[in-house]
Structure formats: C-alpha cells, structure tokens
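Trainee: Which chain is which? The protein sequence lines are H and C, in order.
Letter by letter, the first sequence follows residues 1 to 596 of full-length UniProt numbering.
Letter by letter, the second sequence follows residues 1 to 596 of full-length UniProt numbering.
Think of the CB as a built atom: it goes at the ideal place given N, C-alpha and C, for glycine as much as any other residue.
There are 2 protein chains.
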Amino acid sequence: MAEYQAPLRDMRFVLNEVFEANKLWASLAGTQDTIDPETAEAILEEAGKITASLIAPLSREGDEEGCTWHEAGVKTPTGYKDAYKTFIEGGWCGLSGNADYEGMGMPKMLGAQYEEMLYSADISFGLYACLTSGACLAIDAHASEELKTKYLPKMYSGEWAGAMDLTEPHSGTDLGMIRTKAVENGDGSYAITGTKIFITGGEQDLSENIIHLVLAKLPGAPAGSRGISLFLVPRNSVDENNVVGENNNVTCGSIEHKMGIKASATCVMNFDGAQGWLVGEENKGLAAMFTMMNYERLSVGIQGFAAAERSYQNAVEYAKDRIQGRAATGAVQADKEADPIIVHPDVRRMLMTMRAYTEGSRAFSTYVASFLDKAKYSDNAEEKAQADAMVALLTPIAKAYMTDRALDSCIAGQQVFGGHGFIREWGQEQLVRDTRITQIYEGTNGIQSLDLMGRKVVSNGGKLYELFATEVSEFVEKNADNEALQSLIKPLAAALERLSDVTEFVIGAAAEDKNAIGAASVEYLELFGLTAYAYMWARMAVVAEPKVAGDTSGFYAAKLKTANFFFSRLLPRSVSLSETIRSGSDDMMALEVEAF
Amino acid sequence: MAEYQAPLRDMRFVLNEVFEANKLWASLAGTQDTIDPETAEAILEEAGKITASLIAPLSREGDEEGCTWHEAGVKTPTGYKDAYKTFIEGGWCGLSGNADYEGMGMPKMLGAQYEEMLYSADISFGLYACLTSGACLAIDAHASEELKTKYLPKMYSGEWAGAMDLTEPHSGTDLGMIRTKAVENGDGSYAITGTKIFITGGEQDLSENIIHLVLAKLPGAPAGSRGISLFLVPRNSVDENNVVGENNNVTCGSIEHKMGIKASATCVMNFDGAQGWLVGEENKGLAAMFTMMNYERLSVGIQGFAAAERSYQNAVEYAKDRIQGRAATGAVQADKEADPIIVHPDVRRMLMTMRAYTEGSRAFSTYVASFLDKAKYSDNAEEKAQADAMVALLTPIAKAYMTDRALDSCIAGQQVFGGHGFIREWGQEQLVRDTRITQIYEGTNGIQSLDLMGRKVVSNGGKLYELFATEVSEFVEKNADNEALQSLIKPLAAALERLSDVTEFVIGAAAEDKNAIGAASVEYLELFGLTAYAYMWARMAVVAEPKVAGDTSGFYAAKLKTANFFFSRLLPRSVSLSETIRSGSDDMMALEVEAF
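As structure tokens, this is what we get:
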C-alpha cells in the first residue's frame, strides 16, 4: 500500500480559493476571534503529519487483528492505545469543541479537512474520536450547565470518550419502538435499564471513561418517537472532583463480527439500572439528537470519500508501477517488457472517475460545512436561517451521495489492482469493506433519500430546493459570458433544469400517490448529488481557469481536465435518472408480497 | 440466513418454455441420444436437493474457518472433505464431460442451471469442481488420446481434480511475459520449472491427485503470447496402472489471504522440474486455453448471479419478517408495532432490481449456453459457425455484465438488512465479498470489455454484432402486433437502435483514434448487456403473457410485472451510456501521467 499523503494542496484550493473560508470566518461573529489564516494553515499541516505518520500505519494490521472482547472489556488492536494517547495529547478531540469548555472552537470547514485526513488514515481509529465529538455536540447544545462543565472538558481532551446508544435489536430505523427504560431516582438522576446494539466505541481500552448518550423511555411517555428522552450515562461514575470511580452498571455484552471497520468496537451494551442524567427536555430526545445529526451525517459522508482518496492514492501508485501490455498508441517504455498500466484507457477511466468524485466530494463537503458554520456562528438572523435551510437540504445528499460514490470509487481502486486487489495485504479490499458501512449507519442511504425527498423537498412544496436552484442559476447567469467554460456552464444549466423539472414532477405526483416519494427518492438523491457536483466542478473550474497560464505546477490545468471529464463522462447519467424517476411507483409496487 | 431453495420453477421456465431446450437437444447430432426431458428434469431436481442440503450449509462456516496452509499441503474447512466425497459419488464432476471418456455428456444449457445451484450454495466449494471441468475441457479438446484416456475418467469421477496455472507474479493480463520454462526430457515428457500465483484449487485435501494445466515457454520460443505452450502436470506421478505415486516436484508455497471465497484455496504453486506433457501444439498454448475460456467465462458469470440469487432469497425473507415503520399508504399490520419493511418502496426497489437482474441473467446465461451447445453438438456447418460467432460475441458480456449486476444485487441485498447486513453471521456481506472476485478473475471485466469492443466488434467492422442485431430486429418485427406488450417491444426497439448507432459510432472513431476502443469499451459492454437483457425480458414476457389468464400460481403474472419494472426503471440507463460513449477518449486521456 502506498504511504498516505494528505492532499493539502487540494484542501487549500477548496478552502481558500473556491470558498474563501478565511473571508467567511472573518465575517462571522463566532469565528472572527478564534481563527485566522495562519492558525488554519498550521492545523492543516499538523493534521496532515499526524494522520500520515501516526495513524495511517495502524490501519492494515488493525484490520487483521481486530478488536477482541473479554469479560472485563474490549481490547483494541496493538498500537491503538499508544497512538490514541499521542493523538489526544495533540488536542485533536477538542478541535471543533466549544471554547467556553476548553474546546478549540474551530469552524467545521476546517474540521471537515481534518476529518478527511483522519478517516483516510483509518476509519476505525477515527470513529473513536468522531463519536466523542458527536456526543459533545449534543451535550453542548442541550445539557445543563452542570453536566457541560463536568463532562465537556474531559471529553474535549479525549481522556473520556463518547458513545451514542440509539439502536436496539428490534428497533433501528424505527426508533419509536425502543424499550430501554429510564426511572427517576429522586435525586435528579435516573436509573437506565435496557440493551443497545451496534454501539460504536461503546467499550474500548483507550480512554479512562466512556460517556454514553442513551435514548430511553420515561414511564408513561407517549408512544412512538415523541416519547423518547436522552440521557447522559457515564460507564464509570464520576465524583464531584471528577475522579473516575466504580462501574455504573454499564457493561459490554459482546462485540459484533463485521465485514469491515474491524478495529472499531461495535458493542452490545447492557444498562442495568445505570445512573444517568437527562439531556434536554423529557420526551424531546430525538430533537436533541438532531442537533448533532447533521454534523454526524456530514462526517460519515467524509469517511466515505476519505477512504476513496486513500484508494485513489494507492491505485495511482500501482498503475504507474505495474507494467502489463502496451499502450494502444505505441510503446511508451519500449526498453521495458511492457508499459505501465496507466497508459490504458480503461485504467484512466477508473482513476479519473475516482478523482472526479473524490475532489468533487471534497468541495461539496466543504460547501456544506460552510453552511454549518454560518448557521452556528453568524449573528445575522437571516443568514443563519438561510444556512440552516441549506444544511437541512444538503446534509442527506452529503451523507448518501458521497458514500455511494465512495463505494464506487473504492471498488474501482480495487479493480485497478486486478487479482492483487482481492488480496488483503494490498489494502484495497479493506477500503471497500470499511467504506461499505458508511452507506448503512447514521441512517441508511435509503433513509437519507426519503428524508431529502419527503421532508426536505415535497413537504415544503420545494421551498428549500428553490434556495439551491436560485444559487446555481445565479452562478450560471454570472458565468454566461465565460467563453472558455461554456462546455461546463451549459450542461450545468441543463442538469439544473432537469432536476427542477423532476422536483416539480415528484411534488405533483406525491399529491396523488402516497408511494411517489419513496419510489422516486433514491434516484432523486443521486440526480441531486450529480447536479450539485456539476455545480462544484463548475465553481472549481471558474476559479482554476484564469490561473492555468501562470501556473507551472500543473495544478490548475489538472483541475480543468478533471472538470471536463466529469462533465463529459459522469454527468450524462442525469438524463437516465430523470427518466427512471418519471416512471413513478406503479411498476415498483405492482408485485404482491406473496409473489416475492 | 434463509435456507437456500433452488429456483427450479424459473429454471424450467427458461429452459423449457423460453428457449425450448428439449427441442434443441433433440435436433442436435451430439445430444439427441444423450438427453431427454425426463433425464434433464431428474438432474435439475437432484442438483436442487444436493446443493441445498449438502453444500449450502457449509458456506457460512467455511468463510469463517477458511483454508489453512501447512508444509504438507492445504486444509479445507471442516466438512468440505466429507461433502466433496458425497458430491463426487453423485457423478457431478462429469456432468458435462465427454461420454467417450466416462463423462455424462450433458449439454451446457442444463449444465448452466446446475452450476447456478452449485454456486448459490457456495462459490468456494463450487470452484473445486469448476476448475476440474475447465481443465477437462482443454484436455478433451487438445490432449493426445493417451492423456485423455489416462486422465479424463479419473477427473470426471472427481477422484482427481484439475487446476489452471496461468498467472505469474509479474504476468497476469499480459501472459506473454510468463517465465515458467519447459525443457524436453527426451522421453516425450518435459521438465517444468517456475512459479505460478493465484492458482484456484492448486492444492487441497479433497482429491487423491491434482492435475495442473500449466502455461510455460519452450527454449527458443517466440517472444510474447505466440511463444506459450500448455502442459499437463500431475501433482503426483501416476503409473501405467493409474496408481498415484510420489510428489512430482509440484508444491504449494503458500495460500493467499483474500477478501472472499476464503474456503477456496488460492495457491502459489512451485514447479521444480516437474514432469509434464504437452497439450496441443508447441507455442499454441493460448489457443488451447481459449477452447475452454468461453465455458469458464460463462461459468464465472453464473457464479455472480448465483450469489445474487442467494442474496435475493435472504433479503426477501428478511424484508417479510423484519418490522420497522409503517407503509406510506397506511398500516398493513395494524395489530403489530410496525409493518414488515417489504411495504416500503425503497425496499421494493432493491428487491425488484435484484429480481430483474437475476432472472434476466438466468435467461441470458441459458441463451448463451444454447449457442455453446449448437457450436459443440451440431453437425450442420452453418449452424455451428453462426453459433461460434454468437458465443464469441456474447461471452464477454455474459462474464462481465452478469458479474457487475451481481455485485450491485448483492450490495442491494446487504442494504435491505440495514446494520445487520454488515454483520458476518447474517451471510449477506459474505455474498458481496465472494461475488467481488467474479469481476476480477478469468480476465477482469475491463479486459472482457476490450475483448468485446475491440476483437469482437470493431475488428470485424461489426459483422458479429449484426448477427445479434438481426435476431433482435426479427423478434421485434414478429411481435410488432402484440398489443399487450407494446410497452416492452417499443423500448426494446429503441434500445437496439441506440446500441446499433453507438456501435457504428465507435467503429468510425476507432479508425481515427487508437484509444477509441479502450475509451468506449466498459460503457459499451454495459449498454450491450442492458440491451441484451431487454431482449431477454421481452422474450420472457412474450411467452408469459398468454399464460397469465390460465395460471393460478401467479408465476406468469410476476414475470410480466418484473419485466415491466426492468423496462421502466432499469433500461433508461441506456440513454446515458450512449451519451457517455459518444464523448470519446479526449477527456479520459487528457491528464498527463505526472499529474496523477
């Protein structure tokens, strides 16, 4: 496997040149005092180093060894414990944490780049930190001042980790059915009893304590999802001086044996009258979870393309090194027995496809992060509201489209290796296995599609969609005279029109057919994602094009060529998607259940 | 995991009703005396039983345990040895073998159904038998009478297994570079020396002996692929009485640790002056391999959709059983906490897509097998030649398109399970891992595409393509008045026209641009596959439609509904593929190697 190199040049391009992050941060009330260009650059550099040198080397062996469960707990693979120690000493767990509680207060646009590097190095390792950040977001937004003061600093420092306990054996997508119970102890705390499954980092040997955020039902709570409350439940009790004490009746019953992310412990957690504290209001647990959900979903999307970036780097190295056959246009290494396989169009097709999706994803995730930053750090109500709306609209796309294309990319990166891609030691097949979970957890990609099509588009008659469409239309108009880029701007305009037409079509169909939303959703999300990526590529091209002439590094020329590839070879899929969506739900639902 | 049920009803439909196999077999000189409808039916029934009861139960544990290597050989997982013994006692290894050497002489159309069941049960197990059949085909077609008499009966009986030794560490797709040497011993035999990798079943503990077919170079042989010869090399020497003796300097150096098919031993084989015999002519080894290649490639295609069939069966059972959420149209199980997830359109979409591809693949593989049977068993020179041409044209599609759609299907089947799909005990993730290799070995799917686009289409100016196009056109014309099926016949005609136009476009482009073939090939194969499946679905619909009214089982009605789904939701992709192909090679090849 090639040594991982953080793609800092492209990150800087996206951050500084395309989305002008520094300008944005300087304009936002909540970031103007916490970050400046030098700090951002130093963080990028440092993240690039620590992920490449400390974490990336753990990934292959971590997959082979995996986590092991024993009565007393879970053992992470060799090397994880030491690496985690070094990692938290660098303060990385608190990067995006609230500065009032000893977090670093860095914006998400920067955090997104850091997360990409972390996940490229090793999704399994990254998850331990990611779950802590997610738990901190929920605590920061909804917990009492007392809980925040007690827990956040220790979690930002990484000494204590976080875990999210939602799923139960019979209750995954449909959380309204959970059975875990919470009963008041009379001292302001609650006794939590129940079993949770699929708990990432529910138990491990890295941190001194693990703080669980647990969904449970209070006695007499309303049925379904309106009767769920959120509780903070430390694995080990913590006294008033923050000294970690006895186990709080929180035990790990077993860990799952999985397809991938084997170095990440996926735990069955048993709560047996564990002491917990309410986070947010009674019965508003799901709403409290939603605060962090958009961050987590973006983060999972980033996991996907981060793995694809790693796969791309490996595939490029292999394609330049492996010699096999001759170029169709004549030998390029006539003195050798064969040419490197990168000369073959089909290998190019795979590498260019990976590149177009991965760089597109990097831009898109940064774009979505910019709205998260505006929503969180702006003091302008209108800007905040508009950003909230864009976050709501774009998050399911970021989660599902980025991970779907990431799997495609990792499969392509494996295919470049031929038979060697199937062999574990090369690492390419692990990236396929590790990426596969990103399409499933944090709400399956089917659920993301339903969220987009139903809640975010149809339910408001396309109001949120119009925000996006208007932005893209304005961009198209602004660049209508850009002669050099008409081969990109025109297809972008056509793709947007197609998406707008289909949006209108589904909104109309949904009024008559209750299955219309579900029937259109997956293809609609893909069509939306493809159009959004076309917008990203056009924006990148507009920035790159004037710089090509004065650039000797070749960076901007490569950007333009990859943009052209995206438009000529990948965007055409939007035509078919649109046609498929228009076929409606009839043929999809026609077969009787018994006939399957 | 659901218990595997052989889909005999659909196999009978394809064999007897759509392609009228019995009529064909009765008309062919080489099959009219070996097979009759009762025999065919008995074989189907028996294969369904043995695969479901004997082999399918091995698959999950076989994956967990895997093969292990030790100095003395390779150990297959617990249970494989006993199952293999029972399996070969049933005579299955000789099913399609030459009756002159104690094979059963069954046609490929029937063999294809048997192979599907075998691979649905367990690809790893099936491979041991499959490699033997492949080796037998090459021996039967090219070896001397003496070798045939000595080896074939023992291989058809399964007592001795076969292995194909092609790849070397530096030489995979480009076999012209192999370094294994063959030197005459002076007694009609040769001393073979070299190292081969990725040898499926190169060593195992199932059979008494393993007969290797090894590609090697004779002293002074021409460079490249024109200097390769084929040798039969038994692992253990065999005396004149067929008694198996000492090891013949053929040893297994190690086995690979792979993503999937873990119960299939993938071996590094060392030949250290091993005694071997020439098969076919000197320096014509590749040609001798091609005889069996079409069979093997179809077989690998069948592996793919066989796994998809298994995944489909599991997914249907889960989707009917797992309750989560409510149907959009109102509760269907109001007395329960939730509805089974099969009510949700997105779950339907996944199941229907799997169904449409898998049944389409079953039809297509049987269709291709019918040409293999005509080519092998007809005594009519024209019929033979035409069938040979169709085999040449359709085999790369059968291998690549069936396995590509199989991976899609297995991923969908895993997705239906949500988080449980990622957990090994459910078996769905194993099917993804096992299927993945089918896109890689026996010539990667990229190589299949190049074979189709370059050798089978462009090199003869579309002559072979015309055979297919004419057959489909005639079908369209014949059914032009079928009022009930116009929603299928018209899109089929349009898809064919699109494919014909693109074929012409690429033939034209290839005259000017040496990269045109490679740039178009993968999307062209997909477009061709999609069109061929449209033809299959239309043929199935034409047979099913008149039978719907008189049928109480629902089989024919389900066929029509699945056909409608294929046409409205899957076929539209052909529009985009055509557009992508027309973008040519420029954007694909524009980026300089250094810029990657």
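Note down, one range per segment and in chain order, each alpha helix (DSSP H) of at least 4 residues found wholly within the segment 308–332 of chain C.
Mentor: Listed in chain order, nothing qualifies, since the segment 308–332 of chain C has no complete alpha helix (DSSP H) run of 4 or more residues.
Trainee: Report the residue from C:GLU208, C:ALA83, C:ILE43 and C:GLU146 whose alpha carbon sits nearest the alpha carbon of VAL243 of chain C.
Mentor: Among C:GLU208, C:ALA83, C:ILE43 and C:GLU146, the Cα nearest to that of VAL243 of chain C belongs to C:GLU208.
Trainee: Provide the residue span of the alpha helix (DSSP H) that contains PRO37 of chain C, from first to last.
Mentor: Start and end: 37–50.
Trainee: Buried or exposed: SER487 of chain H, going by 16 or more other Cβ atoms within 10 Å of its Cβ?
Mentor: Burial call: exposed.
Trainee: Could you check how far apart the C-beta atoms of GLY454 of chain H and ILE507 of chain H are, in whole angstroms? I think they sit under 8 Å.
Mentor: The pair is not a contact, with the Cβ atoms about 11 Å apart (cut-off 8 Å).
Trainee: So that I know if they touch, is there some Cβ in chain H lying closer than 8 Å to that of PRO572 of chain C?
Mentor: Chain H contact via Cβ: present.
Trainee: Return the chain-ordered ranges of every beta strand (DSSP E) run that is complete within the UniProt domain "Acyl-CoA oxidase/dehydrogenase middle" (163–272) of chain C and spans a minimum of 3 residues.
Mentor: Runs found: 181–184, 190–200, 209–216, 229–234, 236–238, 244–247 and 250–255.
Trainee: Would you mind working out which of H:GLY202, H:LEU298, H:GLU159 and H:ALA595 sits nearest GLN439 of chain H, comparing C-alpha positions?
Mentor: Minimum Cα distance to GLN439 of chain H is reached at H:LEU298.
Trainee: Counting only beta-carbon atoms, is GLY202 of chain H nearer than 8 Å to chain C?
Mentor: No, no contact with chain C.
Trainee: At 9 Å on the CB atoms, spell out the chain H contacts of PHE505 of chain C, in chain order.
Mentor: Ordered by position in chain H, no residue passes the 9 Å Cβ test against PHE505 of chain C, which lies about 14 Å from the chain.
Trainee: From what residue to what residue does the alpha helix (DSSP H) around VAL476 of chain H run?
Mentor: It spans 463–478 - the alpha helix (DSSP H) in which VAL476 of chain H sits, taken as one unbroken run.
Trainee: I want to verify the contact list: residues of chain C whose CB lies under 8 Å from the CB of THR329 of chain H, in sequence order.
Mentor: Per Cβ cutoff of 8 Å: LYS514 and ASN515.
Trainee: Select from H:ALA52, H:ARG405, H:ILE397 and H:PHE417 the residue whose C-alpha is nearest the C-alpha of GLN448 of chain H.
Mentor: That would be H:ILE397, whose Cα lies nearest to the Cα of GLN448 of chain H.
Trainee: Hey, quick one: how far does the beta strand (DSSP E) through HIS142 of chain C stretch, first residue to last?
Mentor: Careful: HIS142 of chain C lies outside any beta strand (DSSP E), inside the alpha helix (DSSP H) at 123–142.
Trainee: Using the three-state DSSP reduction, which class does PRO153 of chain H fall into: helix, strand or coil?
Mentor: Helix, per DSSP.
Trainee: What residues are listed by DSSP as bridge partners for ASP276 of chain H?
Mentor: Looking at the sequence provided, one finds Gly at residue 276 of chain H rather than Asp. Per DSSP, H:TYR190.
Trainee: Should SER568 of chain H be flagged as near chain C, meaning a C-beta pair shorter than 8 Å?
Mentor: Yes, SER568 of chain H counts as interfacial toward chain C.
Trainee: Below 8 Å on the Cβ atoms is my contact criterion, and I expect PHE596 of chain H with ILE411 of chain C to pass it. Report the Cβ-Cβ distance as a whole number of Å.
Mentor: 19 Å between Cβ atoms; not a contact.
Trainee: List the residues of chain H that LYS258 of chain C touches, going by C-beta distances under 9 Å, in chain order.
Mentor: Within 9 Å Cβ-Cβ: PHE422, ILE423, ARG424 and GLU429.
Trainee: Please classify PHE567 of chain C as buried or exposed, where buried requires at least 16 other C-beta atoms within 10 Å of its C-beta.
Mentor: It is buried - the Cβ of PHE567 of chain C has at least 16 other Cβ atoms within 10 Å.
Trainee: Counting C-beta neighbours from all protein chains within 10 Å, is the total for GLU256 of chain C 16 or more, i.e. buried, or is it exposed?
Mentor: Flag for GLU256 of chain C reads buried.
Trainee: Along the alpha helix (DSSP H) that carries LEU68 of chain C, what are the first and last residues, could you check?
Mentor: Looking at the sequence itself, residue 68 of chain C is Thr, so the reference to Leu does not match. That residue, THR68 of chain C, is in no alpha helix (DSSP H); its beta strand (DSSP E) goes 68–70.
Trainee: Nearest by alpha-carbon distance to LEU407 of chain C: which of C:ALA389, C:THR358 and C:GLY419 is it?
Mentor: It is C:THR358 whose Cα lies nearest to the Cα of LEU407 of chain C.
Trainee: May I ask you to verify whether the segment 260–273 of chain C touches the segment 81–93 of chain C, counting CB pairs closer than 8 Å and requiring at least 3?
Mentor: Taking 8 Å as the limit for Cβ pairs, the verdict is that the segment 81–93 of chain C does not touch the segment 260–273 of chain C.
Trainee: Where do the ends of the beta strand (DSSP E) carrying VAL74 of chain H lie?
Mentor: Element bounds for VAL74 of chain H: 73–75.
Trainee: In terms of alpha-carbon separation, which member of H:VAL183, H:PRO37, H:ASP551 and H:ASP586 lies closest to ARG562 of chain C?
Mentor: A small fix is needed here, since residue 562 of chain C is Thr in this sequence, not Arg. Nearest of H:VAL183, H:PRO37, H:ASP551 and H:ASP586 to THR562 of chain C, Cα basis: H:ASP586.
Trainee: For VAL332 of chain C, count the other beta carbons within 10 Å of its own beta carbon; 16 or more makes it buried, fewer makes it exposed. Which is it?
Mentor: With fewer than 16 Cβ atoms within 10 Å of its Cβ, VAL332 of chain C is classed as exposed.
Trainee: Comparing alpha-carbon positions, which option in H:PRO219, H:ALA319, H:VAL543 and H:LYS374 lies nearest LEU28 of chain H?
Mentor: Of the candidates H:PRO219, H:ALA319, H:VAL543 and H:LYS374, the one whose C-alpha sits nearest the C-alpha of LEU28 of chain H is H:LYS374.
Trainee: Along the segment 361–394 of chain C, where does the CB come closer than 9 Å to a CB of chain H? Name the residues.
Mentor: Answer in chain order: no residues at all.
Trainee: Determine whether the beta carbon atoms of LYS559 of chain H and MET540 of chain H lie at a separation below 8 Å.
Mentor: Yes; because the gap between Cβ atoms is below 8 Å, this pair is in contact.
Trainee: In terms of residues, what are the limits of the alpha helix (DSSP H) holding SER574 of chain C?
Mentor: Counting along the chain, the alpha helix (DSSP H) containing SER574 of chain C begins and ends at 573–581.
Trainee: Put LYS514 of chain C into one of helix, strand or coil per three-state DSSP.
Mentor: Coil.
Trainee: Using the Cα positions of LEU206 of chain H and GLY162 of chain H, report the straight-line distance between them to the nearest angstrom.
Mentor: Cα to Cα, LEU206 of chain H sits roughly 12 Å from GLY162 of chain H.
Trainee: Going by the CB atoms, is the gap between THR167 of chain C and ILE197 of chain C shorter than 8 Å?
Mentor: It is a contact, given that the beta carbons lie within the stated cut-off.
Trainee: Return the residues of the segment 341–354 of chain C that lie within a Cβ-Cβ distance of less than 9 Å from chain H, sorted by chain order.
Mentor: Those would be ILE341, ILE342, VAL343, HIS344, PRO345, ASP346, VAL347, ARG348, ARG349, MET350, LEU351 and MET352, in chain order.
Trainee: By a C-beta neighbour count over all protein chains shown, 10 Å radius and 16 as the cutoff for buried, is PHE290 of chain H buried or exposed?
Mentor: With fewer than 16 other Cβ atoms within 10 Å, it is exposed.
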